[in-house]
Amino acid sequence: MISTISSLPLVGQLHFLVGVICLLAGGTPFLVRKGGLTHRLAGRVFVVSMLLLCASGLYMSLARSILFTAFLALLAGHAVTTGWMAAARISGWAERVAAGLISLVAIAAVGSGLVVANLPSGTLNDLPPVAFYSLGGVAFWIAGIDVLALRRGPANARQRLTRHIWRMGFALFIASFIFFFGNNSVLPPVLRTPLALSAPVLTVIGLTLFASLRMRLGRRPAFPSGMKTQGRGEAGG
């Protein structure tokens, strides 16, 4: 494992290290008391490490002309940024910019699929057009949610926290999927079995769905420390 990692370029080694930190920090908030010190510290580490992971992943993808993972980096970066914005109650122009950027990613992904479909090989980096169409569809879906949220107006506490949870979880899902299925050559053989590779990814999906539904459908939202509600009547929606 060490020799495999050491054979990577410096940016690749840093990318791997940040990825490990990101996975550990991203999983911690699901397992500790919400709003506690550990939850808040782990969340901050996750946001910073995830943004660094997206930046280095985007750089390496463009350097190696791997368009699909470049789109994944942009999608994950948008998810973690808007998830943080929801918890920090940042709205207004920042939300409009975020919606515009993810719309551009969606258009670019679908457009890339159309270009790939017209290539002689019909693939790009061994990926068919449907891979880019699917990624564009996800981006359009998120853009649609953002636009609807802007039209609806200020979100209540439950809506904000649900948005925070599922977007952080979605970013963690992308990071874990790429880590375990895209870079498993740097993992020891014992961790390269189908069960060992899929278990962490499926766990992230399960924890995200459970926490999101609990927040959305629970009797009342759990407010992280330092986050004030917008009023007593905001538990609905």
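So for the sequence shown, numbering that gives the first Met the number 0 puts the first residue at 0; every next one is plus one. From the three backbone atoms N, C-alpha and C, an ideal C-beta is built for every residue, glycine too. Note that the coordinates shown come from a computational prediction; the quantities given were computed from them, not determined experimentally.
Where does residue i sit, in a helix, a strand or coil, going by DSSP?
{"i": "Phe222", "result": "Note that Phe222 scores 48 on pLDDT, short of 50, meaning its location in the model is unreliable and no value can be drawn from it."}
{"i": "Leu216", "result": "helix"}
{"i": "Val10", "result": "helix"}
{"i": "Leu50", "result": "helix"}
{"i": "Leu186", "result": "coil"}
{"i": "Gly236", "result": "The predicted model places Gly236 with a pLDDT of 30, which falls under 50 and marks its position as unreliable, so this point remains unresolved."}
Less than 8 angstroms separating the beta-carbons of residue i and residue j?
{"i": "Arg166", "j": "Ala85", "result": "yes"}
{"i": "Met59", "j": "Ala174", "result": "no"}
{"i": "Ser41", "j": "Leu57", "result": "The identity of residue 41 in the sequence shown is Ala, whereas the question assumes Ser. Their beta carbons are not under 8 angstroms apart, which means Ala41 does not touch Leu57 by this criterion."}
{"i": "Arg88", "j": "Arg162", "result": "no"}
{"i": "Asn124", "j": "Leu66", "result": "yes"}
{"i": "Gly135", "j": "Ala93", "result": "no"}
{"i": "Phe237", "j": "Leu196", "result": "Limits of the chain in this structure are 0 at one end and 236 at the other, which puts residue 237 out of reach."}
{"i": "Gly18", "j": "Phe45", "result": "no"}
{"i": "Val104", "j": "Leu74", "result": "yes"}
{"i": "Leu52", "j": "His77", "result": "no"}
{"i": "Val47", "j": "His38", "result": "no"}
{"i": "Leu206", "j": "Phe29", "result": "yes"}
From the options, pick the residue whose C-alpha is nearest to that of residue i; which is it?
{"i": "Ala210", "options": "Val185, Gly168 and Val189", "result": "Gly168"}
{"i": "Ser64", "options": "Gly205, Leu126, Val47 and Thr80", "result": "Leu126"}
{"i": "Gly110", "options": "Thr81, Phe70, Gly91 and Arg215", "result": "Phe70"}
{"i": "Gly152", "options": "Ser90, Thr37 and Phe29", "result": "Ser90"}
{"i": "Asn182", "options": "Leu201, Leu30, Thr68 and Gly205", "result": "Thr68"}
{"i": "Gly256", "options": "Leu16, Ile20, Arg150 and Ile164", "result": "With the chain running from 0 to 236 in the structure shown, residue 256 is simply not present."}
{"i": "Leu9", "options": "Leu36, Thr27, Ser55 and Leu201", "result": "Ser55"}
{"i": "Thr202", "options": "Leu22, Gln12 and Thr122", "result": "Leu22"}
{"i": "Ile101", "options": "Thr122, Ala138 and Val79", "result": "Ala138"}
{"i": "Gly11", "options": "Val185, Leu149 and Ala198", "result": "Val185"}
{"i": "Ala170", "options": "Arg215, Ile141 and Gly121", "result": "Ile141"}
{"i": "Pro199", "options": "Thr80, Ile177 and Leu149", "result": "Ile177"}
Point to revise | In chain order, each alpha helix (DSSP H) run of at least 4 residues that lies wholly inside the segment 59 to 122 | key: 66 to 87 and 92 to 116
Contact between the segment 95 to 106 and the segment 127 to 146 is defined here as three or more beta-carbon pairs at a separation below 8 angstroms; is this criterion met? yes
Touch check for the segment 108 to 116 and the segment 125 to 142: three-plus C-beta pairs under 8 angstroms? yes
Q | Residue ranges of each alpha helix (DSSP H) within the segment 139 to 205, 4 or longer | A | 156 to 176
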